[in-house]
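Just add 2 to wherever you are in the sequence shown, counting from 1, and you've got my numbering. Quick reminder that beta carbons are idealized off the backbone N, C-alpha and C, glycines included.
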Amino acid sequence: MIERIPCKDCGVDEEMFPCLGKCCCKNDALFMASYEKTCPHCDIWSSLPYGADLKTVTVFECSRLGYGKRLAG
C-alpha cells in the first residue's frame, strides 16, 4: 500500500524534485519504469512512444510548489 503524505511543507526543493518516497514511488516493470504519486499535489503522466527509438517521456508536476520535470525513458 502506498503511504499518502498529508498537506504539509514537504521539504522538497526544486533540485530534488521529484523526490522518490515523498512525491512518488517507482515501480519497475519488465519493459519500463512506471511511477505512482504519493503526494496529493503531484501529477505524473507519460507521453506516447515517439521517434525512431520509440522513447517515452515521463512528466512530473507539483501544483503546490510549481515544479516540473521531464524524464526521458
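| Tell me the DSSP bridge mates of S158? | One cannot answer for residue 158 here, as it falls past the ends of the chain, which runs 3 to 75.
| Does DSSP put C26 in a helix, a strand or coil? | strand
| task | Locate the beta strand (DSSP E) running through E17, then write down its first and last residues. | result | First-last for E17: undefined, no H or E at that position.
| message | From the DSSP secondary-structure annotation, give me the bridge partner or partners of Y37. | response | K28
| Just how far apart, CA to CA, sit A35 and C27? | 10 Å
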